[in-house]
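Same order as they appear, the protein sequences are chains A and B. When we follow the numbering used here, the leftmost residue of the first sequence carries the number 1, and every step to the right adds one. When we follow the numbering used here, the leftmost residue of the second sequence carries the number 615, and every step to the right adds one. Notes follow the structure.
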Amino acid sequence: MNKESFNRRDFLKSSTIGVGVLAASSSPVSIMAKELKKDSTKNSLPAIDVLVIGSGGAGLRAAVAVRKKYPNLSVVVVNKGMPSRNATCMAEGGINGVIDFENGDSNKLHAYDTVKGSDFLGDQDAIIKFAKKATEAIHELDYAGMPFNRQKDKSVARRFAGGAKYERCNYAADKTGSIMMHTCLDEAITYGVQFLLDHYLLDIATNEGECEGVVLLNIQNGKVLPVLAKSVILATGGYTRVFYNRTSTPFNASGDGIAAALRAGLAFKDPEMLQFHPTGVRNGGALITEAARGLGGKLINNKGERFMSKYSTRLELAPRDIVSRSIETEIRLGNGFSKGMDAYVLLDVTHLGEEKIMNELPQIRHVGLLFEGMDLVKEPIKIRPTAHYSMGGIEIAKFDDMSTHLAGLYAAGETSCASIHGANRLGGNSLADAAVTGKLAGEGAGEYASKKKNFSSGKHAKELAKQWRAKIKDITNSSSNTSEFYDLREEFGQYNWDNMGIFRTGEKLQKHIKILDDIWAKYNNIKIANPNMFYNTALIEYLEFGNLILLARCACLAALNRKESRGAHTREDYPKRDDVNFLKHSLVTLKDDKLHIAYKDVVITEFAVEERKY
Amino acid sequence: MKIIIDRFDGVKKYIQAYILDINEVKGKTLLALLQHIKRTQDISLNFTSACRMAICGACGVRVNGHSYLACDTKMDDLLAEYDYPDTFRISPLANFKVLSDLVVDWEPSIENLRKVKPTITAKDEFSEKNGCTQTQEEVDTIKKQWDCILCGCCASECNKLEADSSDYMQPFVYTHAFRAAYDSRSKDSLKHLKPAINNGLWNCVHCQECADRCPKGISAADDISNLRVLAMKKGLKKGTGPAHAEAFLLDLENTGRLNEIYLALRSEGVLANTTKIDIAYNLMKAGKMNPLHIFGDDKIEGHEDLIKMIKAARAANKE
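Below, the structure is given as structure tokens:
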């Protein structure tokens, strides 16, 4: 038997809980410690019952769900760095879920608003269950210690969010995401979830139609490590970093889970559905919250006009996709300032006065100062729409347990596509998605792992690890002193923005497929001029970039073939929604390095398809 | 302009200087500057970052010895703060194990957080099915502490950790213990208090550096003080720390003057102090301690008013 240098005991030692601590803590964990002693004599691969990849809201929720329901199972959360560095903590607005049923609101109405918001591409069976579970999630988070803002009657405070008929967006100041994520992290820590820090997901290993584990890269020392797992939960977030230079997504959300799932043979559902938020700062795309427009912020073009009157009677308060398209139209008409990726319009809140801005919008004033050096108390700030959320993700087979079509593999949060958000996500539904699907995936993966008696042999995982070792050696074994890959990544972001951004046409997308193929070819020839394997962040960025290119290629293929405009997907050559031909999901798969597209009907149960009007 | 960075390649530590045009520095954040160096000069430079808008905590580093959140720090402000120097020195956070260049190890911090069990156990009247109730005022008592993003800036500045980290935890760990112990929904503050006490709560040296450098304006020092007060209220009075605090109060009530001799004797007991006679001798020689005070000393002027204030504070606390 091929002796692996890293056995199961070492694996757990390296995860943050020491073996001594394991033995000293509560009984279920002690069982694991005993097991460890037994196993340390064997030369087996490290093995964990449930492995969670990613530690945003969804991943942490999933890990806690396993610990609560199946305390005898070992759960390890794998993360690229420290668990709290994720996209969940960047959410500001709130988390949707009906908790007040007295004033006419109901789970059904939440479901309807979500279906309508999705431009009818959402699967209604999943959405109806989701809305119900969202209510439960709010109470569970409250019970777990999340400090929501409160109403006079001591219940959780709620406000309106875009596309909702009732106040059902529950919030904690203007940092609901951060507070929710830290609630989940605290809970995971308290419940004995173990963390494997600084490990990067390279691939998912499969064996006869079953997930047998993953291959990880230990960032701290550069070693490639095959790990066995009875079940794996992917919660690695979205892929809007394909618009590298203009997105509100954190640097480390690079769609690693979706890319790995694609390589493992799974389908990528609705990859073309990428949401844009109207107001990001010009310089990089960090978010200026919707509240700025909600409080009366005006959008101004280079003629000094408040141009939104041309596009919507609701002016700046029209839905996100409409405002985003209006701003881009102005820029294309030559009514914006500057050119190319630097183009922008202005968001003016100066008329609100210093006191109001300081009280109600202190965060965005800070963002303005930080990225543009502009004080929006004194002057309007430069903004442009920014890539924000990916509605597409790994195809989910069953919403109830968030299982995928690969036995033992589960997905949750932005990584997954159930599909709750269809072609357009409503504000406040992303945190609800993370909380709800995270818990479901945890319970599903826990049940699967508890029923499965043995770990797989790990034959495929070892094979994959071998391939990755060779590949990484090849990539880093170079003396060239260039950083051309950073230039390529910038170029890639700009091409995606120009050809696959807010406005799309068949012609541009056709051209873009070729461009992406070229970028892919160039990418594969690039070497990283840093052979030092101790925490090689350039290597990680390189690997992340590879995943982003793969996902952009999928998105482009699906966008080219979806000849209609629906939600966030706008085709200028097909401006109307086409329910006859396209009331269906795109499914992109990868086989022998080639992408294939197929379609699947949208699940329609309770709500008839109608025109989406606001 | 010269940027000197403390490097660590996994084996050896060294420093490296990067020369930049002032125009490459101005208008950028510190994080953008680090990215710029990585992209244009040295691909092997390692640091971590994620959100770039001061909410994920990934990019804490030190500039000229003080901790900053790199994404939240404008180079223009830094230049002004240090009076337009021609050199900056950037180092990894102090009091953490360095993994590579500016990257530090967070594993021990998670283990410390685990010790204080940072999640509340909700009171019996609440349920997972129906959630909890709380007033906004009750939320407000713990709201500030929830701004903690685990960036490590406080720990980097902590003088107690610098001196001896074996019997103390990072300041933010106490902040996490505070927010669980003080939550009005919480059934049992002892669950968080006891491990906090057992892991150094009374060892804080009150230097206030953690509060001074927190990019979110949180005072871990205050949280530590408040946890101590809560611990004493809950009857957790064992040890030198609580005895020291009580000796202070007693002195205030007796004379209003700090009696160094009594303070030492009451805090640590007669036996422990016999080993410190040399220190006492030095203090007396330097005029810092009056040996006659063993017989007690005079009350300060306005002592009656002081007693009134103590009484009022006690009454207010009871309400």
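Cβ coordinates follow ideal geometry from the N, Cα and C atoms, glycine included.
Would you list, in chain order, the members of the region 660-671 of chain B that have their beta-carbon closer than 7 Å to a beta-carbon of chain A?
Answer in chain order: 660, 662, 663, 664, 665, 666, 667, 669, 670 and 671.
Using 8 Å as the limit for Cβ to Cβ distance, is residue 733 of chain B near chain A?
It does: the Cβ of residue 733 of chain B has a partner Cβ on chain A nearer than 8 Å.
Note down the Cα distance separating residue 700 of chain B from residue 640 of chain B, rounded to an integer number of angstroms.
13 Å
Using three-state DSSP, classify residue 762 of chain B as helix, strand or coil.
coil
Is the separation between the beta-carbon of residue 712 of chain B and that of residue 622 of chain B shorter than 8 Å?
yes
Which residues share a DSSP beta bridge with residue 143 of chain A?
The partner list for residue 143 of chain A (beta bridge, DSSP) is empty, contrary to what the question assumes.
Does the region 73-83 of chain A come into contact with the region 421-432 of chain A, if we say contact requires no fewer than three beta-carbon pairs (one atom in each stretch) closer than 8 Å?
no
Please classify residue 32 of chain A: is it buried, with 16 or more other beta-carbons within 10 angstroms of its beta-carbon, or exposed?
For residue 32 of chain A, the pLDDT reaches just 42, beneath the cut-off of 50, and the residue's location in the model is therefore unreliable, leaving the point undetermined.
Leaving out the 5 sequence neighbours to the left and right, which residues in its chain are closer than 8 Å to residue 665 of chain B when beta-carbon positions are compared?
672 and 685
Going by the beta-carbon positions, is the gap between residue 495 of chain A and residue 660 of chain B smaller than 8 Å?
no
Can you find the residues in the same chain that come closer than 7 Å, C-beta to C-beta, to residue 804 of chain B, ignoring five residues on each side of it along the sequence?
848
Return the CA-CA distance between residue 735 of chain B and residue 748 of chain B, expressed in angstroms with no decimal places.
14 Å
Quick one: residues in its chain with C-beta nearer than 8 Å to the C-beta of residue 669 of chain B, no 5 flanking neighbours on either side, listed in chain order?
763
Relative to the C-alpha of residue 652 of chain B, which candidate in A:539, A:596 and A:572 has its C-alpha closest?
A:539
For chain B, find out if any of its Cβ atoms is closer than 8 Å to the Cβ of residue 211 of chain A; answer yes or no.
no
Between residue 841 of chain B and residue 792 of chain B, which are expected to be in contact by the criterion C-beta below 8 Å, what is the C-beta distance as a whole number of angstroms?
6 Å
Are the Cβ atoms of residue 64 of chain A and residue 442 of chain A separated by less than 8 Å?
yes
My guess is that residue 321 of chain A and residue 546 of chain A are in contact by the Cβ rule of under 8 Å, so how many angstroms apart are they, rounded?
Actually they do not touch by this definition, with Cβ atoms about 30 Å apart.
I want to verify the contact list: residues of chain B whose CB lies under 9 Å from the CB of residue 538 of chain A, in sequence order.
652, 657, 658, 659 and 660
Who are the neighbours of residue 727 of chain B on chain A, taking C-beta pairs under 7 Å?
189
What residue range is occupied by the uninterrupted alpha helix (DSSP H) comprising residue 877 of chain B?
874-888
So residue 308 of chain A and residue 326 of chain A are supposed to be a Cβ contact under 8 Å. How far apart are they, rounded?
6 Å
Would you check if the region 902-921 of chain B and the region 860-880 of chain B touch, i.e. whether three or more CB-CB distances between them fall below 8 Å?
When Cβ pairs closer than 8 Å are counted between the two stretches, the region 860-880 of chain B is seen to touch the region 902-921 of chain B, the count reaching three or more.
Could you work out which residues of chain B lie near residue 529 of chain A, taking near to mean beta carbons separated by less than 7 Å?
657
Pick helix, strand or coil for residue 799 of chain B, following the three-state DSSP scheme.
coil
Does any CB atom of chain A fall closer than 8 Å to the CB of residue 740 of chain B?
yes
What is the DSSP secondary structure of residue 824 of chain B, reduced to helix, strand or coil?
helix
Tell me the residue span of the beta strand (DSSP E) that contains residue 276 of chain A.
274-281
Once DSSP output is grouped into helix, strand and coil, what is the label at residue 622 of chain B?
strand
Pick from A:378, A:129, A:338 and A:562: whose alpha carbon is nearest that of residue 353 of chain A?
A:378
I want to see whether chain B comes within less than 8 Å of residue 175 of chain A, judged by CB atoms only; does it?
yes
Between residue 836 of chain B and chain A, is the shortest Cβ-Cβ distance under 8 Å, so that the two count as touching?
no
Among all the DSSP beta bridges, which residues are the ones paired with residue 53 of chain A?
A:78 and A:234
In or out: residue 616 of chain B buried (at least 16 other Cβ within 10 Å) or exposed?
exposed
Can you confirm whether residue 686 of chain B, when its beta carbon is compared against all beta carbons of chain A, has any partner nearer than 8 Å?
yes
Hey, out of B:829, B:733, B:772 and B:851, whose CA is closest to residue 802 of chain B's CA?
Ranked by how close their Cα comes to the Cα of residue 802 of chain B, the residues B:829, B:733, B:772 and B:851 have B:733 in first place.
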